[in-house]
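Participant:
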Amino acid sequence: MGRFDGRVVVITGAGAGIGRDSALAFAREGAAVAVLEVRAVRAEQTAELVRQAGGTAVAFPCDVRDGVQVEQAIAAVAERFGRIDVLFNNAGTTRPGDVVSVSIEDWDMVLDVNLRGTFLVSRAVLPQMLALGGGAVINMGSVDGLAGDARMAAYNAAKAAVVNLTRSMAIDFGPRGVRVNCICPGLVGTPAVLRMFSDESRQRMQAVTPLGRIGRPGDIASLAVFLASDDAAYINGTTVVADGGLMARTGMPI
Ligand SMILES: NC(=O)c1ccc[n+]([C@@H]2O[C@H](COP(=O)([O-])OP(=O)(O)OC[C@H]3O[C@@H](n4cnc5c(N)ncnc54)[C@H](O)[C@@H]3O)[C@@H](O)[C@H]2O)c1
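Residue numbers for the sequence shown follow our numbering, so the first one is 59 and each next one is one higher.
1. Could I get the ranges of all uninterrupted beta strand (DSSP E) runs contained in the segment 112-164, with 3 residues as the minimum, in chain order?
2. Is the beta carbon of Thr70 within less than 8 Å of some heavy atom of ligand 1?
3. List, from N- to C-terminal side, the alpha helix (DSSP H) runs of 4 residues or more that fit wholly inside the segment 59-107.
4. Just to confirm my understanding: we take Ser287, look at its own chain, exclude 5 residues before and 5 after, and list those with CB closer than 6 Å. What are they?
5. Taking only three categories from DSSP, how would you classify Ala194?
6. For Val238, report the span of its beta strand (DSSP E) as first-last.
7. Does the contact criterion of 3 or more C-beta pairs under 8 Å hold for the segment 246-254 versus the segment 281-296?
8. Any beta carbon of chain C sitting closer than 9 Å to that of Leu281?
9. With Val220 as the anchor, note down where its alpha helix (DSSP H) starts and where it stops.
10. Looking only at its own chain, which residues have a Cβ that is under 6 Å from the Cβ of Arg65, when we skip the five neighbours before and after it?
11. Is Thr297 near Val179, with beta carbons less than 9 Å apart?
12. Verify the contact flag: Gly75, CB atom, against every heavy atom of ligand 1, threshold strictly below 8 Å.
13. Could you tell me the boundaries of the alpha helix (DSSP H) in which Ala282 lies?
14. With DSSP collapsed to three states, give me the class of Thr176.
15. I'd like to confirm the pairing. Which residues does DSSP put opposite Glu299 in its beta bridges?
16. Any heavy atom of ligand 1 closer than 8 Å to the CB of Val59?
17. Less than 9 Å separating the beta-carbons of Val113 and Ala85?
18. Does DSSP put Ala205 in a helix, in a strand, or in coil?
19. How is the alpha helix (DSSP H) around Ser259 delimited, first residue to last?
20. For Arg181, tell me which candidate among Ala306, Met227, Val168, Gly235 has the shortest Cα-Cα distance.
21. Measuring only the C-alpha atoms, how far is Ala215 from Leu169?
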């Protein structure tokens with residue numbers, strides 16, 4: 059018996075990285091997974107990986123920035139599976155730059171995928187959950203939404219907004235049975251991150267992380283599964299940091 063037998067989980071950005079591992083983790087617990095992903099080929103690859111592992115998953119190609127595509131995708135999920143119990147707003151992206159150097163296009167892209175996407179997909183899914191009498195939403199923040207980093211202006215702003223949107227949603231929908239929580243990972247070694255960071259910068263990250271390693275996608279997937287499960291029945295409006303202890307430091311040079 060899995061914790062999600064008979065339940066339906068929507069995961070955005072599930073074509074790679076943390077989203078893909080989360081699709082596999084929820085499916086292992088018995089969930090049927092709806093893979094919402096802007097890249098259709100990746101979406102289908104994740105769904106196929108889940109099916110090969112013995113689970114149930116269907117790809118729904120969708121750009122979370124586009125309200126019409128989101129409404130159509132969520133309607134298709136509801137038609138295919140008949141219910142939606144969990145939403146993991148995982149899709150995200152980043153572009154470098156301070157407020158002078160970042161282009162307006164990059165600023166809009168980062169705010170649109172991370173924040174507008176979370177808003178649009180939540181707006182489409184919540185009526186389905188409310189009709190069932192409850193559900194769980196996990197929003198994807200970042201340690202970059204709790205503290206700042208150099209040349210990450212758009213990402214710092216977008217993730218901080220996601221953290222506080224989580225509180226707002228928890229207050230508005232908790233009374234109607236929907237729990238809403240936020241995950242803030244530190245650096246996670248997804249394939250894209252491992253390609254982007256040199257060995258040297260990865261070693262520097264490990265050196266400042268009390269657990270001595272960067273995160274694995276599975277570290278975050280298992281947290282998402284827990285927060286969405288009945289084991290977390292009294293957890294609502296919370297931000298959970300999963301960073302190996304990175305943020306435990308004050309950063310004082312002593
Ligand atoms: N990897 C990290 O170190 C890290 C740390 C903190 C937070 N996060 C957050 O975790 C989430 C997942 O990160 P990841 O590292 O697995 O990313 P990733 O780049 O490996 O995967 C993200 C997926 O989202 C998809 N996506 C992008 N824009 C989309 C859109 N408009 N509509 C639908 N899908 C879209 C991409 O195609 C990709 O498949 C993001 O929100 C990211 O900001 C990641």
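By construction, the Cβ of each residue, glycine as well, lies at the ideal position given by its N, Cα and C atoms.
These numbers were taken from a predicted model, which means no experiment stands behind them.
Facilitator: Reading it off the structure:
1. 114-119, 144-147
2. yes
3. 75-86
4. Arg61
5. strand
6. 236-243
7. no
8. This model lacks chain C altogether; it includes just one protein chain.
9. 211-231
10. Ala89, Asp143
11. no
12. yes
13. 275-286
14. helix
15. The sequence given here has Val at residue 299, not Glu. Note: Val299 sits in a beta bridge opposite Cys242.
16. The question names Val, but residue 59 in the sequence shown is Met. No.
17. This sequence places Gly at residue 113; Val is not what is there. Cβ atoms of Gly113 and Ala85: closer than 9 Å.
18. coil
19. 257-265
20. Met227
21. 8 Å
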